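J.:
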Amino acid sequence: MATEQADLLRRRGIQVTAQRLAVFRAVAGQPHITADGVAEIVRGEIGAISLQSVYDALGLLVGEGLIRRIQPAGSPARYEDRVGDNHHHLICRICGRLVDIECAVGAAPCLTAVDDMGYEIDEAEVAYWGRCPDCLAQAQATTDSAPPAGRRRRPGRPASSTE
Ligand SMILES: [Zn+2]
Ligand SMILES: [Zn+2]
Numbered sequence: 045m046a047t048e049q050a051d052l053l054r055r056r057g058i059q060v061t062a063q064r065l066a067v068f069r070a071v072a073g074q075p076h077i078t079a080d081g082v083a084e085i086v087r088g089e090i091g092a093i094s095l096q097s098v099y100d101a102l103g104l105l106v107g108e109g110l111i112r113r114i115q116p117a118g119s120p121a122r123y124e125d126r127v128g129d130n131h132h133h134l135i136c137r138i139c140g141r142l143v144d145i146e147c148a149v150g151a152a153p154c155l156t157a158v159d160d161m162g163y164e165i166d167e168a169e170v171a172y173w174g175r176c177p178d179c180l181a182q183a184q185a186t187t188d189s190a191p192p193a194g195r196r197r198r199p200g201r202p203a204s205s206t207e
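If you're matching positions, the sequence shown starts at 45 in the working numbering and goes up one per residue.
(1) What residues match up with histidine 132 in a beta bridge as DSSP calls it?
(2) Do aspartate 178 and ligand 1 come close, with the Cβ less than 7 Å from some heavy atom?
(3) Run the proximity test for isoleucine 138: is its beta-carbon closer than 7 Å to any non-hydrogen atom belonging to ligand 1?
(4) CA-CA distance, glycine 174 and methionine 161?
(5) With DSSP as the reference, please indicate the residues paired to threonine 78 in a beta bridge.
(6) Could you tell me the alpha carbon to alpha carbon distance between alanine 121 and arginine 113, rounded to whole angstroms?
(7) Tell me the rounded alpha-carbon separation between valine 71 and glutamine 96.
(8) Can you tell me where the alpha helix (DSSP H) with arginine 175 in it begins and where it stops?
(9) Can you check which of these residues, Ala185, Val60, Cys147 and Arg141, is closest to glycine 128 by C-alpha distance?
(10) Based on DSSP bridge pairs, tell me the residues matched to isoleucine 114.
(11) For aspartate 125, does the count of other Cβ atoms within 10 angstroms reach 16, so buried, or fall short, so exposed?
(12) Please confirm whether arginine 135 and tyrosine 172 have their CB atoms less than 8 Å apart.
(13) Classify isoleucine 165 as buried or exposed, calling it buried when 16 or more other Cβ atoms lie within 10 Å of its own Cβ.
(14) Taking isoleucine 58 as the reference, which of Leu142, Glu108, Ile145 and Ser94 has the closest Cα?
(15) Going by the C-beta, is glutamate 167 closer than 7 Å to any heavy atom of ligand 2?
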């Protein structure tokens with residue numbers, strides 16, 4: 045029986061309830077899960093829970109630093125229990141798939157701003173946007189089946205270049 049999450053709650057003096065525990069475990073079991081996803085898992089585990097209760101529990105856990113909330117543009121918020129290591133995310137523009145990516149170099153160099161303006165910085169939120177391998181392969185397959193027209197043009201050179 046996983047009591048790791050219960051211990052984490054107790055250590056912070058948070059009352060351990062079945063709902064909080066189930067929400068925490070759902071996030072731990074499925075990184076980058078949405079609140080809807082959490083609600084679905086929790087309902088399967090302990091029965092009825094309102095979406096508002098799910099949000100309340102998630103908000104509490106985020107506030108205590110036990111889970112992290114990430115909100116990619118154009119996507120619902122996602123939650124993960126991998127906290128405190130300043131990792132970043134790779135997000136696919138096409139299908140929305142989101143994966144972890146280590147901090148660029150070293151322990152947490154992105155936290156060292158050129159000028160911190162006197163702030164005490166504890167998190168750098170970096171999102172790498174692009175296309176995932178699957179979406180890329182699909183796009184390439186589509187391009188291959190429809191070859192571009194024959195007219196070639198040398199890019200990036202002024203028309204009056206001396207040759
Ligand atoms: Zn994709
Ligand atoms: Zn992550």
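Even for Gly, the Cβ is constructed at its ideal location relative to N, Cα and C.
If you're wondering where the values come from, they're calculated on a predicted model, not measured in any experiment.
T.: By the coordinates alone:
(1) For histidine 132, DSSP records a beta bridge to Ile145.
(2) Because some heavy atom of ligand 1 lies under 7 Å away, the Cβ of aspartate 178 counts as near it: yes.
(3) Remark: the shortest separation between the CB of isoleucine 138 and any heavy atom of ligand 1 falls under 7 Å.
(4) Answer to the nearest angstrom: the Cα atoms are 31 Å apart.
(5) Looking at the DSSP assignment, threonine 78 forms a beta bridge with Arg122.
(6) Their Cα atoms are separated by approximately 7 Å.
(7) CA-CA distance, valine 71 to glutamine 96, rounds to 16 Å.
(8) Taken as a continuous stretch (DSSP letters only), arginine 175 belongs to no alpha helix (DSSP H), as it is neither H nor E.
(9) With distances taken between CA atoms, glycine 128 lies nearest to Cys147 out of Ala185, Val60, Cys147 and Arg141.
(10) Isoleucine 114 pairs with Arg122.
(11) So aspartate 125 counts as buried.
(12) In the sequence on display, residue 135 carries isoleucine and not arginine. When the beta-carbon positions are compared, isoleucine 135 and tyrosine 172 come within less than 8 Å of each other.
(13) Exposed is the call here.
(14) Closest by alpha carbon: Glu108.
(15) No, ligand 2 has no heavy atom inside 7 Å of this Cβ.
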